[in-house]
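Only one structure is covered here, and it is reproduced in the block below.
4 protein chains.
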Amino acid sequence: MSIGFLGLGTMGQPIAHNLLRAGHALTVWNRSAAAAQPLLEAGAQLAAQPADAVRGPVLFSMLADDAAVRETLLERGALDALPAGSVHVNMATISVALARELSALHAERGVAYLAIPVLGRSDVAAAGQLNLLAAGDAAALARVQPLLEVIGRKTWYFGDAPEQANAVKLAANLCLASAIGTMAEASALVRGHGVDAADFLGMLGSTVFAAPAYQNYGGMIAEQRYSPAGFKTTLGLKDVRLALNAGESRHVPMPLAAVLRDQFIDAIAHGDGELDWSALAKVAARRAGQA
Amino acid sequence: MSIGFLGLGTMGQPIAHNLLRAGHALTVWNRSAAAAQPLLEAGAQLAAQPADAVRGPVLFSMLADDAAVRETLLERGALDALPAGSVHVNMATISVALARELSALHAERGVAYLAIPVLGRSDVAAAGQLNLLAAGDAAALARVQPLLEVIGRKTWYFGDAPEQANAVKLAANLCLASAIGTMAEASALVRGHGVDAADFLGMLGSTVFAAPAYQNYGGMIAEQRYSPAGFKTTLGLKDVRLALNAGESRHVPMPLAAVLRDQFIDAIAHGDGELDWSALAKVAARRAGQA
Amino acid sequence: MSIGFLGLGTMGQPIAHNLLRAGHALTVWNRSAAAAQPLLEAGAQLAAQPADAVRGPVLFSMLADDAAVRETLLERGALDALPAGSVHVNMATISVALARELSALHAERGVAYLAIPVLGRSDVAAAGQLNLLAAGDAAALARVQPLLEVIGRKTWYFGDAPEQANAVKLAANLCLASAIGTMAEASALVRGHGVDAADFLGMLGSTVFAAPAYQNYGGMIAEQRYSPAGFKTTLGLKDVRLALNAGESRHVPMPLAAVLRDQFIDAIAHGDGELDWSALAKVAARRAGQA
Amino acid sequence: MSIGFLGLGTMGQPIAHNLLRAGHALTVWNRSAAAAQPLLEAGAQLAAQPADAVRGPVLFSMLADDAAVRETLLERGALDALPAGSVHVNMATISVALARELSALHAERGVAYLAIPVLGRSDVAAAGQLNLLAAGDAAALARVQPLLEVIGRKTWYFGDAPEQANAVKLAANLCLASAIGTMAEASALVRGHGVDAADFLGMLGSTVFAAPAYQNYGGMIAEQRYSPAGFKTTLGLKDVRLALNAGESRHVPMPLAAVLRDQFIDAIAHGDGELDWSALAKVAARRAGQA
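This is how it looks when you write it as structure tokens:
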């Protein structure tokens, strides 16, 4: 199938490779063309402009945030280039408000709009094992499902309004932020009593919390290893803010998210915006006078 | 070995059975003698008073809270009955302050004091698969380790001050409370966007949070099944309060614990104190006007 | 002096009247022309479009929020109509981000931009006794100070960047929201102990908190009289959100604002968005099971 | 009248002086006798033990906290020395739980127990202008009212259960803590935008918050003058904790109090426990990276 692909960052790159490897004809675009090089070598075509990447019945996009989506899709014309009857799969973690706006704009043009943000880091993407959080028109989803098979291990469907998948993605990231913030706070507590936080976190990750989220982030906190960042503190703040906004738009109080937002801001105020978001543990330790 | 055992509640009962089954001579005491019946039938001796249960070199106690420990150990004389050189294994989840006080009182009497609160519910206790969170004198711990083998799957050692194990236990329960509170808040968020909370929680428990804590409590929240309670809301409040106090005594700010405390109080104010602590989800839903 | 005036709501109306009464020639515009009637009868001219109101060296605007300012000033051309050398006095409570954007746009056009949000309700505005929170070019402020004399009792100057006045206004409104939220919480506490909240609030407002803010809002809470609204719950949420955003843009954690935001959302979720923002007391009472 | 008086600290001293000056025969006791010297010179008698101070129909006590009250009244026998029919006026800021316990103990002995904590610092006490927050038996209060006239400017009556006055006192102190914490947070916000916090706080205290609480604490924050302490950070933490406990005992969620508690702990963790509680402003500034 002929597929357009916008956005070749850490996540977009391996996803595009998997589509290419499955035999599809890819036309790719990225803000800085250099990132496209490995894909071109593997057989993809380069589009000079976002609109030029629209070549067939399906467009994928994996852009950084609301601003990048707005610029690429709306201002630089990719949306207008989509023919009626085509499908746009937007994998970005964006605000529920923008998702709603995009739904309407696609509908006006007779283009099916699917929001399919993903769970998993770049190595998981490379292995084609992402969890795909999908929402939008079910028939359109069925059409692209064969493509999704080469990207993810499972497609989770949350409803026919695309923003529902974005709400789920933000909720899932909130759960991760909270797990990190809770380990940070609990570690400060045991450390205050002379217990090695690594002992505590090791026990947690081997017993009631034997899940990747606790093991990975718990390990980083135990070793105070916040660099290189898997997911930056500034991105943590962005996603928690989007979750709070998504809540506010439906009148959902979110007191835990509010505390976490506050701590990400504290981290950034202390120059740690580029560290991994598990650096929330530095905030908890500093507030306790432990650092 | 001749062992005394105080407290035959939901957790004490199966632990005592395992010790008995391993061939030890048990003298048991419980506030209401009826609970001792199954153990007596299995060969244990009944003590009329807490002090009468002190028969050999080791005393186990698994009492409900600070008040029960204070009454049984201090006021009703069990501590005074312990001979110098004996070992007391206290498995209760108590305050760090009481743990410190008990350490001093045992030391005065030449009695080794081990705090070994446990992770796991009664079915895990029955299977002898508890995780044992231990602190206190290492030599004393080595002496009782053969007994611990029949109770738990692993002994985790956190330091030579007994209260360190209590701090770890409170920190672990805080993590559980936070996981519940976070699932509650995130579920209210997705529900506000028309997503079935069960779909969201099912996905979480199958992916990044594939751990028992998320699966069990997530399932209860998904089904709004808060009764019978595995662990009551009132107990959740008690443990979060003890965690906050343990933090305060070492100058550790704990903003997430503070939010959770507030929500347990809200649940109790609405008559849900006897429900499982996963009923925090009712609080989140109610505040969002969803219930 | 010939003055343009945009926005004749609850606050704009009495301010415009005071300028007219002081002998100035006013050209006024309002989204719904009906609101302009009393001013026309008093001698003002009606502008058909925002840009038509720009008649002399000074333009005042008192619009509802960011969206109204953006529409009126930017989209409907008022800003473009301002001649170089003129002064625009923006009295709206807007975001710090928009204030910054407007500063740049005015500077490009050689128009002096003053942000002068006000403290005081409509009766205070009618009496010409507003407190004027000003920031922007000091020379421009000196030029309009004679006009400000008929509007307010005092001009407070906070710096030469216009957004500084907006930050101060948001900070002041946060203080009001917090005073309300605190009275709400403290009232729930004493009520929980059988004390009449009116007795408590009456004492507060006659002693350590003998200030208008506590007396007025305390009285409303004591009498549970939240309608008619002096300032609506939805506006309270808006301003606290703007304060949080203003903080985030400078990396300032704001945990109290975050709690208040959460409670405004709770109020709105329960259908109380149109009540006075002192209806936060309903939230506190409800959470305590008192209502 | 012959009056006993226990506790001659910063507050007890001037209150006792006023009673003496009004012509009453005072027998005083203080943990360190040195503090009694000025009163003895003015004609008071010294009691060697708390119980010895009980000489007539009325006993006043103004002790530091729960522990001091418990020791002086219960352990050292002052309560047992009170004859049936006498009146005990307890002016200390204590927990609602202890107040309830003391009510029962006094009732058993036929002694009237009045809780009358006060609002006002030592200079206000010296001027006999305290606000007296009273609860307990109304007839007993009427008996001592002539004595209260020389101590305070007004007696506020909150109910016949003594703990009601303690709940009110804790609620009032919570309002003060919140005013301080809010000024701290709002000051960090405006400072983040380059506004001098002193300008902001000066404006607040001259307008909507023209009340002693905002003027005094606002001035200390503006000048960053946290020493000498009028009321120490450690005492602020104590009173907010007592307020939270008082809330919990009646199922009242108190999210603002919880945030303030957290910040007092942060202050103490950074060595500022002995500073005035307005040093919460240091916490807000530090979290924003401003200090």
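Quick note, the sequences are listed as chains R, W, D and V, same order.
Using this note's numbering, the first residue of the first sequence is number -14, and each one after it goes up by one.
Using this note's numbering, the first residue of the second sequence is number -14, and each one after it goes up by one.
Using this note's numbering, the first residue of the third sequence is number -14, and each one after it goes up by one.
Using this note's numbering, the first residue of the fourth sequence is number -14, and each one after it goes up by one.
Every residue, glycine too, gets a C-beta built ideally from N, C-alpha and C.
Per-residue contacts from residue i into chain D (C-beta, under 7 angstroms)
i                     : result
residue 251 (chain W) : 272
residue 175 (chain V) : 152, 153 and 156
residue 51 (chain V)  : Under the 7 angstroms cutoff, chain D gives no residues; its nearest Cβ is about 17 angstroms from residue 51 (chain V).
Proximal residues of chain D, C-beta to C-beta of residue i below 8 angstroms
i                     : result
residue 247 (chain R) : 238, 239, 240 and 243
residue 137 (chain V) : Here the premise fails: no neighbours, minimum Cβ distance about 11 angstroms.
Nearest-angstrom Cβ-Cβ length linking residue i and residue j, presumed shorter than 8 angstroms
i                     : j                     : result
residue 155 (chain W) : residue 168 (chain W) : That belief does not hold up - the Cβ atoms of residue 155 (chain W) and residue 168 (chain W) are roughly 20 angstroms apart, past 8 angstroms.
residue 113 (chain W) : residue 137 (chain W) : 7 angstroms
residue 81 (chain R)  : residue 170 (chain R) : Wrong, their Cβ atoms sit about 28 angstroms apart, outside the cutoff.
residue 214 (chain W) : residue 261 (chain W) : 4 angstroms
residue 35 (chain V)  : residue 63 (chain V)  : 4 angstroms
residue 202 (chain V) : residue 263 (chain V) : 5 angstroms
residue 225 (chain D) : residue 133 (chain D) : Residue 225 (chain D) to residue 133 (chain D), Cβ: 28 angstroms. No contact.
residue 207 (chain R) : residue 183 (chain R) : 4 angstroms
Residues that residue i contacts on chain V, provided the C-beta gap is smaller than 8 angstroms
i                     : result
residue 255 (chain R) : 274
residue 56 (chain D)  : Ordered by position in chain V, no residue passes the 8 angstroms Cβ test against residue 56 (chain D), which lies about 26 angstroms from the chain.
Per-residue contacts from residue i into chain R (C-beta, under 7 angstroms)
i                     : result
residue 233 (chain D) : 250
Pairwise C-alpha distance: residue j and residue i
i                     : j                     : result
residue 239 (chain D) : residue 229 (chain D) : 7 angstroms
residue 143 (chain R) : residue 72 (chain R)  : 18 angstroms
residue 273 (chain D) : residue 245 (chain W) : 15 angstroms
residue -3 (chain W)  : residue 220 (chain W) : 17 angstroms
residue 78 (chain R)  : residue 188 (chain D) : 51 angstroms
residue 253 (chain V) : residue 194 (chain D) : 27 angstroms
residue 135 (chain W) : residue 76 (chain W)  : 15 angstroms
residue 91 (chain R)  : residue 111 (chain R) : 29 angstroms
residue 53 (chain D)  : residue 47 (chain D)  : 10 angstroms
residue 257 (chain W) : residue 39 (chain W)  : 39 angstroms
residue -14 (chain V) : residue 14 (chain V)  : 17 angstroms
residue 347 (chain R) : residue 223 (chain R) : For residue 347 (chain R) there is no data in the structure shown, the boundaries of chain R being -14 and 276.
residue 140 (chain W) : residue 181 (chain R) : 16 angstroms
residue 205 (chain V) : residue 211 (chain V) : 6 angstroms
residue 247 (chain W) : residue 217 (chain W) : 16 angstroms
residue 32 (chain D)  : residue 116 (chain D) : 28 angstroms
residue 236 (chain D) : residue 177 (chain V) : 8 angstroms
residue 55 (chain V)  : residue 173 (chain R) : 33 angstroms
residue 118 (chain W) : residue 146 (chain W) : 12 angstroms
Residues that residue i contacts on chain V, provided the C-beta gap is smaller than 7 angstroms
i                     : result
residue 163 (chain D) : 163 and 167
Chain-ordered chain W contacts of residue i [CB-CB under 7 angstroms]
i                     : result
residue 148 (chain R) : 178
residue 144 (chain R) : 179 and 180
Neighbouring residues, chain V, relative to residue i (Cβ below 9 angstroms)
i                     : result
residue 86 (chain D)  : Those within 9 angstroms of residue 86 (chain D) in chain V number zero; the least Cβ separation is about 15 angstroms.
residue 116 (chain D) : 188, 191, 192 and 193
Beta-carbon neighbours of residue i, restricted to chain R and to distances below 9 angstroms
i                    : result
residue 81 (chain W) : 178
residue 89 (chain W) : Going along chain R, no residue has its Cβ under 9 angstroms from residue 89 (chain W), so there is no contact; the nearest lies around 16 angstroms.
Per-residue contacts from residue i into chain W (C-beta, under 9 angstroms)
i                     : result
residue 262 (chain R) : Result: empty, since nearest Cβ-Cβ is about 14 angstroms, beyond 9 angstroms.
residue 159 (chain R) : 167, 170, 171 and 174
Neighbouring residues, chain R, relative to residue i (Cβ below 8 angstroms)
i                     : result
residue 141 (chain W) : 184 and 188
Exercise for the section: Please confirm if the segment 139 to 157 of chain W is in contact with the segment 100 to 114 of chain W, defined as three or more CB-CB distances below 8 angstroms between the two stretches. Expected result: yes
Handout entry: Residues, ordered as in the chain, of the segment 192 to 223 of chain V that lie near chain D by beta-carbon distance below 8 angstroms
Key = 192, 193, 194, 195, 196, 197, 198 and 199
Practice task
Examine the Cβ distances between the segment 121 to 130 of chain D and the segment 82 to 98 of chain D and report whether three or more of them are shorter than 8 angstroms.
Solution key: They touch, by the three-pair rule.
Practice task
Decide if the segment 261 to 271 of chain R is in contact with the segment -7 to 10 of chain W; the criterion is three or more beta carbon pairs, one per stretch, under 8 angstroms apart.
Solution key: no
Practice task
Give the residues from the segment 101 to 113 of chain W that approach chain R closer than 7 angstroms (Cβ to any Cβ), ordered along the chain.
Solution key: 104
Problem - Near-chain R residues of the segment 119 to 132 of chain W - C-beta to any C-beta below 7 angstroms - result: none
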